[in-house]
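These notes concern the structure reproduced below.
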Amino acid sequence: MRRRLLLLVPLALLALFAAVAWWRLASPPDNVIRSKLEGQKLPAFVLPAALPGRAGLDSAAFVDGRPRLLNIFASWCVPCIAEAPVLLELERRGVTIEAIAVRDRPTDVAHFLDRHGDPFQRIGTDIDSKVQLSLGSSGVPESFVVDGRGVIRFQHVGPISPADIPTILAELEKAR
Amino acid sequence: MIAEAGLAALYLAAALALMQMAFGLVPALAQQAMTVVRPLALAQGLLAAIAFTCLVVVFVRTDLSVALVAANSHSAKPLLYRFAGAWGNHEGSMLLWVTVLALSGALLATLSRAVPERMLSAALGAQAALALGFYAFLAIASNPFARLDPAPAEGQGLNPLLQDPGLAFHPPTLYLGYVGLSVAFSLAVGALVTRDVGPVLARAMRPWVLGAWVFLTLGIVAGSYWAYYELGWGGWWFWDPVENASLMPWLAATALLHSVAVLAARGGLRTWTMMLAVVAFSMSMVGTFLVRSGILTSVHAFAVDSTRGTFILALLLIYVGGALALFAWRAPAVGEGARFALVSREGALVVNNLLLSVILAVVFFGTLYPLMIEAATGEKLSVGPPYFNAVVGPLGLLLMLLLVVGPLLRWRRHRAPLAKWVAPSLLAGAAALIATIVLAPGISLLSRLGLAAGVALIPASLMPLAGRSLRRTPLAAWGMALAHVGVAVSVIGMASDAAFTRERLAAAKPGEQLAVGPWLIDFVAVAPVAGPNWTALEAELRATQGGGTKELRPQARMFTSPVSETSEVAIATAWNGQLYTVLGRQTGNRWQLRLWWKPFVTLIWLGGVMIALGGLLALVGRGWTNRRRRRRAEEFEQ
């Protein structure tokens, strides 16, 4: 009887191998490198308004208990034009979007918003990219999901495409 | 037209394999099966060979209307790589695999006259079942002959890392090894089906195991050297999952080679040998699966495709699971065979088998451990050289100690005193140990013991030849001695490389002089050069050591189709080692140079080749002995 059981050991090993291999085939590895900023507090900043007559943006505005999307853009940035309709769609679905315009002029920002729509609550102007760099952002556009306590929950590098909408909404929901 | 002919041949071969499987394995058809199965096996081998030839032809002609050619070849490629490109990709290499499988079935059908007919037809049925799965795989998931319409104007080229003469030989050699083990597997299935496990089976199985083992050894040696000079990291073994995938069948085949000797000579170790025969080929399948499915991250990033992975996994489960179930069912009927004392040739071979099996288990679990942990806990980790070296090293040393004594023991029970034969080797080993302690106090314990064990093993391996009439010594005994000396030589090379390598990373300007180990290296100049489908920056180095000067020209190569960069290592080989140089990036007016001096590193591969040659000698010698035995039996009948 013991010998019989011993003869089944190779089969058991095969089953183990198959189970592990099957698991891996069914769930391919997640090779996404999570941003180091996620889980960190938004750096403190106070930015003047990018447009006359609009509110500027400071980091204190993010600690009112509501999750928000922080979008970094520029009027001179071509991918931002592609992103604009997606941001409008997000706003239509009830997302609060704050913005930082990087190295920009008020007239150009106004022109950009006239042509491509204005989904933004407040727009701060970051003349020398200081705040952009402190956020660990190296280019435009970039977006951050920030929860109601001012903690960055998710970083999206590059333009948000229509396919990214569910991810962004899910991250905002998680940050609630 | 040629591509369609190849596809037709493939389908026909699959149909014949289906018939061959039915006649070989279905008991109701088993009467007179051999009269049908043998011609079927021959025809199937021929058709598979035709299909493969068709693929080679479309590659050599660069027929870009074939999707596989367009994706992997380019008309500007040199002829050798257009030729070898046929199997430098997933589909082509699977076609090569099934071709070798079918051809070895045909060879088995022709050569194995001594095997009982019923066992042979069952074995050929099993062989056809193996081939059938891979025909289905090619037809369903990886058709190598699919057309592109319209045909592109130019192909996408072959991965430049693969544009190397080594590619022409590395995969075919490994496949000959993998597939040779399939015959041992099929013969074991045949023997289990007929419940007839004995010396006759072992003698039929042994040449296949020996041949497969020779090819696996050569494949691993060549692969190791390829990685050494092509990847430019200065290492010769990385415990990369794909390297492990080729090492595992080799370990199983090495164990099988030694246990099949017990079965052939003494009729012992019956169930164990059957299990090893199944396991050895299973490891080839596991290896193929690991490489093809891409489930493990590796430098051999091949086709990462989960459909293909699932298909191969299903085949693996059917074949290996089926054979292991048959084994568990029939093994009690097979029996253990002749008994023996612990101190005997059989006893030493059993310990050899145990050690090799433990190493196999260590490599198997080490390779899969990251996956198992991630499946269980979600945590990601990797298992690398620190684990493998620390566990496999000491086990390897134990094996070498066993090798000093084992071949001297007699079959069944050893009574004669051993000291006289073992003492010289142990003295040599002790002398080497003391020498390393005095001359190189700083090296690691494992390297030190490796050097000593290697030095002890050289005389010990020759000892079984001592006192014999050398002219009457069978070729197989010479082969064994040569292979064991090869092990010693290889281990000395590994230990020396680990203990004495000197490395230098420098940012240098042309005109400067650098020193590494005993070498003085003049950095003369950097100049652009051009090849058939690449351009490169080439450094000119003049290396001097004592008297002679050697010129080295490492390159940083840019390939045009597809666009990519590789570094071409330049190596100067001296009698006592290799100088290994790599040209890196330019920073300002300085160039990164990586220089290694690797004393006696060449012994690693020299030893590997000796091991393979030893196997070849044994193969040829056994062939002669078998033929003589058969002839004598025929004379006796007359």
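Sequence lines, in order, name chains A and B. Residue 1266 is where the first sequence starts when you use the working numbering, and the numbers rise one by one after that. Residue 1078 is where the second sequence starts when you use the working numbering, and the numbers rise one by one after that. From the three backbone atoms N, C-alpha and C, an ideal C-beta is built for every residue, glycine too. Here the structure is a predicted model, which is why all the values come from computation and not from measurement.
Cβ neighbours of residue i in the same chain (closer than 6 Å, five flanking residues each side left out)
i: B:Asp1599; result: Gln1590, Arg1619
i: B:Ser1198; result: Gly1101, Ala1110, Met1111, Val1114
i: B:Val1270; result: Ala1199
i: B:Ala1408; result: Thr1348
i: B:Ala1311; result: One point to set straight first is that residue 1311 of chain B is Gly, not Ala, in the sequence displayed. Only Tyr1657, Trp1673 meet the Cβ criterion.
i: A:Ala1349; result: His1381, Gly1382
Alpha carbon of residue i to alpha carbon of residue j, nearest angstrom
i: B:Thr1112; j: B:Val1137; result: 39 Å
i: B:Val1460; j: A:Pro1317; result: 59 Å
i: B:Leu1547; j: B:Ala1602; result: 56 Å
i: B:Arg1525; j: B:Ala1438; result: 26 Å
i: A:Asp1329; j: A:Arg1441; result: 12 Å
i: B:Ala1651; j: B:Ser1567; result: 17 Å
i: B:Ala1507; j: B:Ala1533; result: 8 Å
i: B:Thr1387; j: A:Leu1290; result: 7 Å
i: B:Ile1569; j: B:Leu1157; result: 35 Å
i: B:Leu1660; j: A:Leu1352; result: 49 Å
i: B:Gly1028; j: B:Ala1649; result: Nothing about residue 1028 of chain B can be reported from this structure: the residues present for chain B run from 1078 to 1715 only.
i: B:Phe1358; j: B:Ser1181; result: 14 Å
i: B:Arg1224; j: B:Gly1654; result: 50 Å
i: B:Val1427; j: B:Ala1186; result: 32 Å
i: B:Ser1219; j: B:Arg1369; result: 12 Å
i: A:His1421; j: A:Glu1407; result: 6 Å
i: B:Arg1706; j: B:Trp1285; result: 18 Å
i: B:Pro1326; j: B:Ala1105; result: 35 Å
i: B:Phe1421; j: B:Leu1495; result: A small correction: the amino acid at residue 1421 of chain B is Ser; Phe does not occupy that position in the sequence shown. Distance between the alpha carbons of B:Ser1421 and B:Leu1495 is about 12 Å.
i: A:Leu1312; j: A:Leu1322; result: 5 Å
i: B:Val1411; j: B:Val1678; result: 46 Å
i: A:Ala1320; j: A:Arg1387; result: 5 Å
i: B:Met1171; j: B:Leu1215; result: 7 Å
i: B:Leu1480; j: B:Thr1664; result: 52 Å
i: B:Leu1287; j: A:Glu1436; result: 60 Å
Per-residue DSSP class, three states only, for residue i
i: B:Lys1717; result: Because chain B in this structure spans residues 1078 to 1715, residue 1717 of chain B falls outside the shown range and cannot be described.
i: B:Thr1384; result: helix
i: B:Asp1317; result: coil
i: B:Ser1198; result: helix
i: B:Val1177; result: helix
i: B:Phe1129; result: helix
i: B:Met1351; result: helix
i: A:Lys1395; result: helix
i: B:Thr1294; result: helix
i: B:Ala1094; result: helix
i: B:Ser1150; result: coil
i: B:Phe1222; result: coil
i: B:Val1368; result: helix
i: B:Met1635; result: strand
i: B:Lys1586; result: coil
i: A:Lys1439; result: helix
i: A:Asp1379; result: helix
i: A:Phe1310; result: coil
i: B:Glu1168; result: helix
i: B:Arg1579; result: strand
i: B:Leu1308; result: coil
Close Cβ partners of residue i (< 8 Å) along its chain, the five nearest in sequence each way excluded
i: B:Phe1417; result: Arg1343, Gly1345, Glu1423, Gly1424, Trp1488, Arg1489, Arg1490
i: B:Lys1586; result: Phe1600, Asn1666, Arg1667, Trp1668
i: B:Arg1662; result: Ala1633, Trp1668, Gln1669
Own chain, CB closer than 7 Å to residue i, minus 5 neighbours either side, in chain order
i: B:Leu1209; result: Ala1091, Ala1094, Leu1095, Met1098
i: A:Gln1397; result: Ile1337, Ile1365, Val1367, Asp1391
i: B:Val1356; result: Ala1329
i: B:Tyr1446; result: Val1460
Check: residue i C-beta below 7 Å from any heavy atom of the ligand PLP
i: B:Leu1157; result: With respect to the ligand PLP, the structure shown offers nothing to examine, as it has no ligands at all.
Entirely enclosed beta strand (DSSP E) segments - the stretch 1405–1433 of chain A, minimum 3 residues:
1407–1411, 1417–1422
Three-pair Cβ contact test at 8 Å for the stretch 1686–1700 of chain B versus the stretch 1550–1558 of chain B:
yes
Which parts of the stretch 1320–1376 of chain A are runs of the alpha helix (DSSP H), unbroken and 4 residues or longer, counting only runs that do not cross its ends?
1343–1357
May I have a chain-ordered list of the beta strand (DSSP E) segments no shorter than 3 residues that lie completely inside the stretch 1484–1546 of chain B?
none
Are the stretch 1424–1439 of chain A and the stretch 1123–1130 of chain B touching by the rule of at least three beta carbon pairs closer than 8 Å?
no
Complete beta strand (DSSP E) runs within the stretch 1650–1712 of chain B (minimum length 3 residues, chain order)
1654–1664, 1667–1676
Taking contact to mean at least 3 C-beta pairs separated by less than 8 Å, is the stretch 1381–1393 of chain A in contact with the stretch 1300–1308 of chain A?
no
For the stretch 1477–1484 of chain B against the stretch 1535–1542 of chain B, are there 3 or more C-beta pairs whose distance is under 8 Å?
yes
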